[in-house]
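Heads up: the sequence shown runs through residues 13 to 168, numbered per this note's numbering. Built from N, CA and C at the ideal position, the CB exists for glycine as well. Single-structure report; data block below.
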Amino acid sequence: MIQLEIPGMERLEIEHLVLDYNGTIASNGVIIAGVMEKLEKLSVLLDIHVLTADTYGSVHEQCDGHNLSVHVIGKYQQDREKLILIESLKSQHCITIGNGKNDALMLSSSALGIALIQEEGTNTKALLASDIVFHSIHDALDSLLNPQRLIATLRN
Numbered sequence: 013m014i015q016l017e018i019p020g021m022e023r024l025e026i027e028h029l030v031l032d033y034n035g036t037i038a039s040n041g042v043i044i045a046g047v048m049e050k051l052e053k054l055s056v057l058l059d060i061h062v063l064t065a066d067t068y069g070s071v072h073e074q075c076d077g078h079n080l081s082v083h084v085i086g087k088y089q090q091d092r093e094k095l096i097l098i099e100s101l102k103s104q105h106c107i108t109i110g111n112g113k114n115d116a117l118m119l120s121s122s123a124l125g126i127a128l129i130q131e132e133g134t135n136t137k138a139l140l141a142s143d144i145v146f147h148s149i150h151d152a153l154d155s156l157l158n159p160q161r162l163i164a165t166l167r168n
């Protein structure tokens, strides 16, 4: 668990990290170098879930053998499927990270929604639904490994 006390916000007790796959932790279906090492460190503190439509059909191969759960969603109402998953985990205990239109509902409904602007770009609905934006998955994961960064950015 990660506990965050951010001035101006309720105390956050985070148990789950929910990640989009393509555009977030993977590029063209391949996990971005160095991401799994950071996720392994975070898996000591959080349950990690990868939630994806699996555009490239590679998520199981790429994530196999790592300490995380993979959830593949269907072709339709993907935003609703992602929302249903974080609600089943109790959204107030989730940090979500994504970049796509189908991530907007989970970003806005989680305790802390993080949008990324990487090489795939970011949908404006996802951007507006987030609490914080990073330029790379590495920066986002580093902020979870060093939560003082989050406090400095989000406090009021």
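Under the three-state reduction of DSSP, which class applies to residue i: helix, strand or coil?
i: alanine 164; result: helix
i: aspartate 66; result: coil
i: glutamate 17; result: coil
i: valine 56; result: coil
i: alanine 45; result: coil
i: isoleucine 129; result: coil
i: glutamate 25; result: strand
i: alanine 123; result: coil
i: isoleucine 37; result: coil
i: aspartate 143; result: coil
Quick one: measure Cβ to Cβ for residue i and residue j, integer angstroms, because I've assumed they're closer than 8 Å.
i: serine 103; j: serine 121; result: 5 Å
i: leucine 156; j: isoleucine 18; result: With 8 Å as the limit, leucine 156 and isoleucine 18 do not qualify as a contact, their Cβ atoms being about 13 Å apart.
i: asparagine 114; j: glutamine 90; result: 4 Å
i: isoleucine 37; j: valine 62; result: 7 Å
i: histidine 150; j: isoleucine 129; result: Contact flag wrong, Cβ pair sits at about 13 Å.
i: leucine 166; j: methionine 21; result: 7 Å
i: glutamate 25; j: leucine 58; result: Between leucine 58 and glutamate 25 the Cβ distance is about 11 Å, and since that is not below 8 Å, they are no contact.
i: valine 47; j: isoleucine 98; result: Not quite, the Cβ-Cβ distance comes to about 20 Å (not below 8 Å), so this is no contact.
Take the Cβ of residue i as the centre, count every other Cβ of all protein chains shown within 10 Å, and call the residue buried at 16 or more, exposed below.
i: tyrosine 33; result: buried
i: aspartate 189; result: The shown model of the chain, from 13 to 168, leaves out residue 189, and the question about it has no answer.
i: serine 100; result: exposed
i: aspartate 66; result: buried
i: leucine 140; result: exposed
i: lysine 87; result: exposed
i: alanine 116; result: buried
i: valine 71; result: buried
i: glycine 35; result: buried
Between the region 105–113 and the region 121–131, can you find at least three pairs of beta-carbon atoms closer than 8 Å? Yes: at least three Cβ pairs fall under 8 Å.
Pairing CB atoms from the region 47–55 with CB atoms from the region 128–141, are three or more of them under 8 Å? Taking a cut-off of 8 Å on C-beta distances, the region 47–55 does not touch the region 128–141, as fewer than three cross pairs fall below it.
Entirely within the region 76–112 and at least 4 residues each: give me those alpha helix (DSSP H) ranges in chain order. Entirely contained in the region 76–112, the alpha helix (DSSP H) runs reaching 4 residues are, in chain order, 90–100.
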